[in-house]
Amino acid sequence: MTTNWLKADWPAPDFINAGTTLRQGGVSQPPYDSFNLATHVGDAVEVVEENRKLLNLPSALQWLEQIHSTTAVLLPCDDVIPKADASYTCKNNIVCAVMTADCLPVLITDKEGSCVAAIHAGWRGLCHGIIEETIKKLPTAAEDLLVWLGPAIGPDVYEIGEEVYDAFTRNDNEAKQAFTPTVDQHWLFDIYRLAKLRLNRLGVGHIYGGNHCTLTEKDDFFSYRRDGATGRMASMIWIEK
-7 MTTNWLKADW PAPDFINAGT TLRQGGVSQP PYDSFNLATH VGDAVEVVEE NRKLLNLPSA
53 LQWLEQIHST TAVLLPCDDV IPKADASYTC KNNIVCAVMT ADCLPVLITD KEGSCVAAIH
113 AGWRGLCHGI IEETIKKLPT AAEDLLVWLG PAIGPDVYEI GEEVYDAFTR NDNEAKQAFT
173 PTVDQHWLFD IYRLAKLRLN RLGVGHIYGG NHCTLTEKDD FFSYRRDGAT GRMASMIWIE
233 K
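Here it is as structure tokens:
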């Protein structure tokens, strides 16, 4: 496994590997410099493949075609690149991974390390229930789950408009606590807080992470909102046995 990543800081069993890759240490050229893991952003495919080899994972990684959905797939699966925004498994050495560059990556296991999941939670997927749909498929009670919130755009800089605000708050008054008004019809959105709210409602109480900002921590993370054309980090989790 690459050492160039932010390891999840949580009390998961030692055989659970989890974290998010950092942007340095790869071979991509600007604006994808340098550890870009996405083939869909304009970077040369052969360069991305070199970066992916540097991950040095225990098995071939089954990437997702992320479409801001509420679909979670069980790995391994027959689709080469399944259209989904989350994956989960109970098998050893099968890596669940999602790519982000401002959206929220959510990694999940349980106290026994019997299952793992990775979720791509953009605002649409988060709003429509990608976290809920994924947890529903896990063979573990919610109170026994451990959740790590990987690096996403932070609450001091994630300004959104009326569409996003209304989508979350129209039928959920409690969601308003994740939004701070700025100028007319604009708010700062705390995606970490909203995710925690959703997790708490499911009965998940063991939540960690949520203390980075992809936009402001330029040396460590890619940010689509900051740079436009840029690379993607991978947030990964697997049972290593």
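Number 61 in the numbering used here belongs to position 69 of the sequence shown; there are no gaps in the numbering.
We put the beta carbon where it would ideally sit given N, CA and C, even for glycine.
inquiry  = For residue 214, tell me which candidate among 14, 70, 107 and -3 has the shortest Cα-Cα distance.
reply    = 14
query = Thinking C-beta only, is residue 18 closer than 8 Å to residue 53?
reply = no
request  = Starting from residue 9, follow the beta strand (DSSP E) in both directions and report where the run begins and ends.
outcome  = 8 to 13
task = Please state whether DSSP places residue 113 in a helix, a strand or coil.
result = strand
task = Quick one: residues in its chain with C-beta nearer than 7 Å to the C-beta of residue 121, no 5 flanking neighbours on either side, listed in chain order?
result = 62
Segment limits, beta strand (DSSP E) that includes residue 27 = Residue 27 -> no beta strand (DSSP E), and no H or E assigned at all.
ask   = What is the rounded straight-line gap between the Cα of residue 147 and the Cα of residue 173?
value = 12 Å
query = When you compare each of 210, 37, 191 and 26 to residue 137 by their alpha carbons, which one comes out closest?
reply = 191
ask   = Does the pairing of the stretch 216 to 227 with the stretch 74 to 91 give three or more beta-carbon distances under 8 Å?
value = yes
task = For residue 140, I'd like the list of residues in its chain whose CB is within less than 7 Å of its CB, leaving aside the five on either flank, ordered along the chain.
result = 0, 2, 10, 99, 200 and 201
task = Starting from the Cα of residue 233, find the closest Cα among 206, 130, 132 and 6 and give me that residue.
result = 6
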